[in-house]
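Shown next, in structure tokens, is the structure this report addresses.
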Amino acid sequence: MRPTADLALACEPEHGCITCGDEAVALRVLRVDDERGLALCEDAAGERTTIEIALIDPVEPGDGLLAHAGTAIAAIESAPVGVEPEAVT
Amino acid sequence: MRYVDEFRNPELGRVLAGEIVNLVEPGRHYKLMEVCGGHTHSIYKFGIDDLLPENVELVHGPGCPVCVIPMGRVDDGIAMAHQPNVIFTCFGDMMRIPGSDGSLLDAKANGADIRMVYSPLDALRIAKQNPDRDVVFFAIGFETTAPSTALTLKRARVEGVTNFFCMCNHVTIVPPLRALLDSPDLRLDGFIGPGHVSTVVGARPFEFIPADYEKPIVVAGFEPLDVLQAVHMILGQLAEDRCEVENQYTRVVPYEGNLRALEVLSEVFELRPHFEWRGLGFISQSGLRISEAYADFDAERRYEVPGVRVADPKACQCGEVLKGVIKPFECKVFGTACTPERPIGTCMVSSEGACAAYYNYGRFAREREVV
Chain X
1 MRPTADLALA
11 CEPEHGCITC
21 GDEAVALRVL
31 RVDDERGLAL
41 CEDAAGERTT
51 IEIALIDPVE
61 PGDGLLAHAG
71 TAIAAIESAP
81 VGVEPEAVT
Chain W
1 MRYVDEFRNP
11 ELGRVLAGEI
21 VNLVEPGRHY
31 KLMEVCGGHT
41 HSIYKFGIDD
51 LLPENVELVH
61 GPGCPVCVIP
71 MGRVDDGIAM
81 AHQPNVIFTC
91 FGDMMRIPGS
101 DGSLLDAKAN
111 GADIRMVYSP
121 LDALRIAKQN
131 PDRDVVFFAI
141 GFETTAPSTA
151 LTLKRARVEG
161 VTNFFCMCNH
171 VTIVPPLRAL
181 LDSPDLRLDG
191 FIGPGHVSTV
201 VGARPFEFIP
211 ADYEKPIVVA
221 GFEPLDVLQA
231 VHMILGQLAE
241 DRCEVENQYT
251 RVVPYEGNLR
261 ALEVLSEVFE
271 LRPHFEWRGL
281 GFISQSGLRI
291 SEAYADFDAE
301 RRYEVPGVRV
311 ADPKACQCGE
321 VLKGVIKPFE
331 CKVFGTACTP
341 ERPIGTCMVS
351 SEGACAAYYN
361 YGRFAREREV
371 V
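One line per chain: the protein sequences are X and W, in this order. All residue numbers for the first sequence refer to my numbering, where the first residue is 1 and numbers rise by one. All residue numbers for the second sequence refer to my numbering, where the first residue is 1 and numbers rise by one.
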């Protein structure tokens, strides 16, 4: 089944590439690594990915980010609902 | 799902569609261009064009990053990928864009070490894992994607990675819009502005459209109600004889853009005097290259590439599609010789390409087919 574009984080030729498509994905911050300028984030489908946060700091667990090509390009008010940040170790 | 459901409310959609009907002048034809491929995709995915009056026509712009890559640049990338000791990395759709002698996917099948990545950070990770190999990242995209490449090059410098190189094909959105507005082929009444590009550049760079060309532009989000509201706002401006830059996507787009991103872009990149666009030809100051300060990471300085201009296949009419002059189904090879499985032109490759959007959502003719 073709995944919906806004949930498909993978760049797979048969599904279309969201990065090539200039799409941004809404993510919720789970954990922040201030030293490296990276955040572990999760999308609405529970897919996790590491995101560059240099353009948006300060970022805290629970924040909503709009990310494109592995980089947060905007903060958003409403983060996708997923796992509670505290549950991540 | 929060943040999405409220922008897909069918009741509100019907109300907006009704208000749009009240705004249009009978007998007047409205031609609005959605600049971004993401909007094209939303329009056909959600059937937004079916909600609009017949005299409101949506035409598709050049804002699909892989669609505007000319064949010569694909050939240059393939030449680099065939260099000994190179791991060549690129985004997913880019692998299927045809060059003059096959795509990057074909080159991979022929033995080149070509790997698909989701972000430039993934390419940098591959470089760190393979210190004895050169890792080249084929960077494409508008201002939405360019900051990610720029930050990755800065990170590579900080981390002392010396085997990571970037073949820069980033482009900017304003010059092609100006070229379209100067084109005698196309008479447009207004623009749906690109939402995600604008998160980086803001809405301010589009002020030339009302100032110099007296056309309205509304920067819009990608959910169906976003697009409908943008159409409503453009038609509202036209009805009131106004033309200005309006921002429908205020929940994400600041008028001034992301200043930190713009700063990083100006540090890592500089404008090329000219860059070739598929269908639009050479456009002045429309492409980015790696700046002198980051020259060590520039793949084009490290490797010789053919650098040859290659004409599109004669049968392919991507150029006219990208300029909004013809609809995808008016192309001679649409859906027959050119399909998403076996694309001839770029517009059929990316899911945001106008041809792929038409094909995937069953728009094979002007009238919608009823099954």
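Using N, Cα and C, we set each Cβ at its ideal position, and we do this for glycine too.
Check: Express the C-alpha separation of Gly-111 (chain W) and Lys-323 (chain W) in angstroms, rounding to a whole number.; Outcome: 36 Å
Check: Apply the 10 Å Cβ neighbour rule to His-259 (chain W) and answer buried if 16 or more other Cβ atoms are within range, or exposed otherwise.; Outcome: Residue identity check: residue 259 (chain W) is Leu in the sequence provided, not His. Exposed, because fewer than 16 other Cβ atoms sit within 10 Å of the Cβ of Leu-259 (chain W).
Check: Do Ile-69 (chain W) and Ala-346 (chain W) count as a contact pair if the criterion is CB distance below 8 Å?; Outcome: With the sequence shown as reference, residue 346 (chain W) is identified as Thr, and Ala is not the correct amino acid for it. Closer than 8 Å, so yes.
Check: Could you check whether Ile-173 (chain W) and Val-35 (chain W) sit closer than 8 Å to each other, using their CB atoms as the reference points?; Outcome: yes
Check: In terms of residue numbering, what span does the alpha helix (DSSP H) encompassing Tyr-358 (chain W) cover?; Outcome: 354-360
Check: Determine the burial state of Ser-266 (chain W): buried for a count of at least 16 other Cβ atoms within 10 Å of its Cβ, exposed for fewer.; Outcome: exposed
Check: If we count the other Cβ atoms within 10 Å of its Cβ and call it buried at 16 or more, is Thr-71 (chain X) buried or exposed?; Outcome: buried
Check: Are the C-beta of Thr-346 (chain W) and some C-beta of chain X separated by less than 8 Å?; Outcome: no
Check: Going by DSSP, what residues sit across from Pro-246 (chain W) in a beta bridge?; Outcome: Reading off the sequence, residue 246 (chain W) comes out as Glu, not Pro. In the DSSP output, where bridge partners are listed per residue, Glu-246 (chain W) has W:Val-218.
Check: How would you call Val-231 (chain W), buried or exposed, if buried means at least 16 neighbouring beta carbons within 10 angstroms?; Outcome: buried
Check: Just reading off the alpha helix (DSSP H) that Gly-190 (chain W) is part of, what are its end residues?; Outcome: Per DSSP, Gly-190 (chain W) belongs to no alpha helix (DSSP H); it is in the beta strand (DSSP E), 190-193.
Check: Compute the beta-carbon to beta-carbon distance between Ile-290 (chain W) and Cys-90 (chain W), rounded to the nearest angstrom, for a pair I have assumed lies under 8 Å.; Outcome: The Cβ separation is near 16 Å, so there is no contact.
Check: Nearest CA to the CA of Phe-138 (chain W): which residue from W:Pro-273, W:Arg-28, W:Val-74 and W:Asp-212?; Outcome: W:Val-74
Check: Relative to the alpha-carbon of Lys-128 (chain W), which residue among W:Thr-145, W:Val-161 and W:Leu-151 has its alpha-carbon at the smallest distance?; Outcome: W:Val-161
Check: May I ask you to list the residues that DSSP assigns as paired with Cys-90 (chain W)?; Outcome: W:Met-116
Check: Which residues share a DSSP beta bridge with Ile-140 (chain W)?; Outcome: W:Asn-169
Check: Answer yes or no: does any C-beta atom of chain X fall closer than 8 Å to that of Tyr-361 (chain W)?; Outcome: no
Check: Under DSSP, the beta strand (DSSP E) around Glu-240 (chain W) begins and ends at which residues?; Outcome: Counting along the chain, Glu-240 (chain W) falls outside any beta strand (DSSP E), and DSSP gives it neither H nor E.
Check: Please list the partners that Glu-42 (chain X) has in chain W, where partner means a Cβ-to-Cβ separation under 8 Å.; Outcome: Chain W residues near Glu-42 (chain X): none, gap ~13 Å exceeds 8 Å.
Check: Rounded to whole angstroms, what is the Cα-Cα separation between Pro-306 (chain W) and Asp-34 (chain X)?; Outcome: 43 Å
Check: Do three or more CB pairs link the region 39-55 of chain W to the region 149-158 of chain W at distances below 8 Å?; Outcome: no
Check: Measure from the C-beta of Tyr-30 (chain W) to each C-beta in chain X and report whether the shortest distance is under 8 Å.; Outcome: no
Check: Nearest CA to the CA of Gly-46 (chain X): which residue from X:Val-25, X:Asp-57, X:His-68 and X:Ile-56?; Outcome: X:Val-25
Check: Once DSSP output is grouped into helix, strand and coil, what is the label at Ser-183 (chain W)?; Outcome: coil
Check: Where does the unbroken alpha helix (DSSP H) through Cys-318 (chain W) begin, and where does it stop?; Outcome: 318-322
Check: Between which two residues does the alpha helix (DSSP H) harbouring Ile-209 (chain W) extend?; Outcome: 208-213
Check: Taking Cβ positions, are Pro-328 (chain W) and Tyr-358 (chain W) nearer each other than 8 Å?; Outcome: yes
Check: Going by other Cβ atoms of all chains shown within 10 Å of its Cβ, with 16 needed for buried, is Asn-247 (chain W) buried or exposed?; Outcome: buried
Check: Rank W:Arg-302, W:Cys-355, W:Arg-301 and W:Val-201 by C-alpha distance to the C-alpha of Gly-319 (chain W) and give the top, closest one.; Outcome: W:Cys-355
Check: Flag His-196 (chain W) as yes if its beta-carbon sits less than 8 Å from any beta-carbon of chain X, otherwise no.; Outcome: yes
Check: Classify Thr-145 (chain W) as buried or exposed, calling it buried when 16 or more other Cβ atoms lie within 10 Å of its own Cβ.; Outcome: buried
Check: So Leu-104 (chain W) and Ile-78 (chain W) are supposed to be a Cβ contact under 8 Å. How far apart are they, rounded?; Outcome: 6 Å
Check: By the criterion of Cβ-Cβ separation under 7 Å, what are the contact partners of Ala-261 (chain W) in chain X?; Outcome: Leu-55 and Ile-73
Check: Using 10 angstroms around the beta-carbon of Thr-250 (chain W), count the other beta-carbons present and answer buried if the total reaches 16, otherwise exposed.; Outcome: exposed
Check: Is Asp-226 (chain W) helix, strand or coil when you go by DSSP?; Outcome: helix
Check: Among the residues of its own chain, which have a CB less than 6 Å from the CB of His-68 (chain X), if the five just before and after it don't count?; Outcome: Ala-24
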